[in-house]
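Structure first, commentary second.
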Amino acid sequence: LLGLCASRLLARDPAAVALDSSRPGRHLRGSLLPGVLTIVFLVGVLAFTWPPVAVWNANRAALLQTRADFDPSLTPEEQSAMRSESDALFQQALAIDPTSVPINRRYGLLLLEEDRFAAAIPHLELAYQAAPDHIAGRKGLGLAYLWNGDLARAAATLGGMPGIIVELQGLAWQEYNDYHYYATAFYTYQLINQLAPGDGFTQEMLLTLQRRLAE
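Position one of the sequence shown corresponds to residue 1 (my numbering), numbered consecutively onward.
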């Protein structure tokens, strides 16, 4: 649905993972040398408080997560360690710059990938409130609501988006048939039924999933 959701949904482009940040090069010459001591002092003071450091930590976190997901040479233990380090770096970034929209969005989408739906919601809400036209952010928030069982807010967030019913149908079938995540599949078919009532296949899947969940 998102090009982002849970590892079962997101196929990320490693080249596009890092958040934007500017790192202008500096070429020190004789006339600039007296400024070096000032720069060193400022770096020491700002190293753990200046917002670009938050972006740097978030970039590192995103790259670690990408490697954990896509490097076939890693053992499960190494993947788990990288994901833990990535999570810690995101939290450090947010401790420095808690209102950063891109960092909150990226961390929220990471939590969504890990099925930590309730934890993802506040980060995605902050990003959505600041940038309601960001498609991935809006869809991510809608899915976090949906898979956390809040159909009303999921419908309010996802309803009316172009092509959303077809996307939800594909996602619901994937959750059910490919991954056997029956609870999230059930929520998704419930939302489809709410947004586009009267579809026979949706009704059939709801009955099937009710039986599965009762077993």
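All residues carry an ideal CB built from backbone N, CA and C; glycine is no exception. Values in this document were obtained by computation on a predicted structure and should not be read as measured data.
One alpha carbon belongs to Ser80, the other to Ala185, and they sit about 26 angstroms apart.
With fewer than 16 neighbouring CB atoms inside 10 Å of its own CB, Gln129 falls in the exposed class.
Taking the Cβ atoms as the reference, Asn104 lies roughly 11 angstroms from Ile121, outside the contact range of under 8 angstroms. Nearest neighbour of Phe201 by Cα position, chosen from Trp173, Val55, Glu215, turns out to be Trp173. Under the three-state reduction of DSSP, Asn104 is assigned to helix. The count of Cβ pairs closer than 8 angstroms, one atom from the region 64-81 and one from the region 92-104, stays below three, leaving the stretches out of contact. Within the model, the alpha-carbon separation for Leu124 versus Arg138 is close to 8 angstroms. In this structure, Ala156 lies away from Leu191, with their beta-carbon atoms at least 8 angstroms apart.
Relative to the Cα of Ser84, the nearest Cα in the group Ile165, Gln65, Gln194 belongs to Gln65. In the structure shown, the three-state DSSP call for Gly159 is coil. In the assembly as shown, Gly160 is an exposed residue. Its beta-carbon has fewer than 16 other beta-carbons within 10 Å.
Relative to Ala183, the option among Leu168, Arg212, Leu126 whose CA is nearest is Arg212.
Here Ile96 is buried: its Cβ has 16 or more other Cβ atoms, across all protein chains shown, within 10 Å. With 16 or more other Cβ atoms from the protein chains shown falling within 10 Å of its own Cβ, Phe117 counts as buried.
For Ser73, the three-state secondary structure derived from DSSP is coil. Shown here, Asn148 sits in coil according to DSSP, grouped into three states, outside any helix or strand. When secondary structure is reduced to three states using DSSP, Tyr187 falls in the helix class. Look at His123 here: in three-state DSSP terms it is helix.
Thr75 sits exposed, since fewer than 16 C-beta atoms from the chains shown fall within 10 Å of its C-beta.
Here Phe70 is exposed. Its C-beta has fewer than 16 other C-beta atoms within 10 Å.
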